[in-house]
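Last residue of the sequence shown? That's 276 in the working numbering, and every number before it is there in order.
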Amino acid sequence: MDLMKFSFNLLRFSAIIFILTGCGEDENMLDDPAGDGIFQISTLDALAMGDYYAKASIEAIRSRGDFGLGTYVAVEGEMVILDDVFYQVKDDGVVYEVSGTTETPFAAVKHFQADTMFDLDAVSSLNELTIKLDQMGVNPEEFYAIRIQAELDSLVVRSVHRQNEPYPPLSAVVADQVIFPHADISGTLVGFYFPLYSGSINAAGYHFHFISDDRTVGGHVLDCRISSGKIEMDRASDLQVNLGPL
31 MDLMKFSFNL LRFSAIIFIL TGCGEDENML DDPAGDGIFQ ISTLDALAMG DYYAKASIEA
91 IRSRGDFGLG TYVAVEGEMV ILDDVFYQVK DDGVVYEVSG TTETPFAAVK HFQADTMFDL
151 DAVSSLNELT IKLDQMGVNP EEFYAIRIQA ELDSLVVRSV HRQNEPYPPL SAVVADQVIF
211 PHADISGTLV GFYFPLYSGS INAAGYHFHF ISDDRTVGGH VLDCRISSGK IEMDRASDLQ
271 VNLGPL
């Protein structure tokens, strides 16, 4: 049984590698801006090794999705995409709306269309939230976009400093992260679930960024305590990765 499961995961991973190679050879080969898949620029492995150079402009990826997350050139803060608006949360904790000419080294986007919706009762931590999501039927072998509108008793988010060349690895950047605690706040968790077998492409498991309702608070979610909320899940039909430039 373990060997069969390994073979299945290997086949799934090989399919993603084919998409990577295909997009590199012909960017239109698998491009479906109106589709129900996740579109991604670059890979987590590339970002982890310090590839923070421009791969695409916001304008170039806007047609691929109205929901998502990522970062900006030189990892200058956190990217949050909600309702077709691209936000940047810099290391001062301030939220900025960015123009179409702004560039990114890494981003994942999707046209968000909820397949399932659930009311969310109180959860005491981010870990408890992910357990509830598992219980709501997330298939560990598939890809999902997840939108959570929430009233939060507490929230801990982070951003990172803009880097100078030569770029350090991402682990060094995160080690110097800036942490922002907040209390009694409402907003939206913008995130994805990626299967374990895709961990070199994007963060395996659940990954959330946050933007407040008044658009003054945001960042990468480290922890949260939610009093109530609404979960919307959108299963992706496929994952397309373009290595850029786009």
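All C-beta atoms in this analysis are idealised placements derived from N, C-alpha and C, irrespective of residue type, glycine included. Remember, it's a predicted structure, so these values are computed and weren't measured experimentally.
Every beta strand (DSSP E) stretch that sits fully inside the segment 153-205 and reaches 3 residues is listed by chain position as 174-189. Going by beta carbons, S155 and D253 fall inside the 8 Å limit. Counting of Cβ neighbours within 10 angstroms places V124 among the exposed residues, the total staying below 16. Residue range V208 to F224 is occupied by the beta strand (DSSP E) that includes L219. Per DSSP, the beta bridge partners of I71 are A137 and N272.
Taken through DSSP and simplified to helix, strand or coil, A90 comes out as helix. An exposed status is given to M166, since fewer than 16 other beta-carbon atoms sit within 10 Å of its beta-carbon.
The beta carbon of I178 is closer than 6 Å to those of L219, G259 and I261 in its chain, skipping five residues each way along the sequence. Contact check for L77 against F136 passes: the beta carbons are separated by less than 8 Å.
Taking all protein chains shown into account, L226 has fewer than 16 neighbouring C-beta atoms within 10 Å of its C-beta and is therefore exposed.
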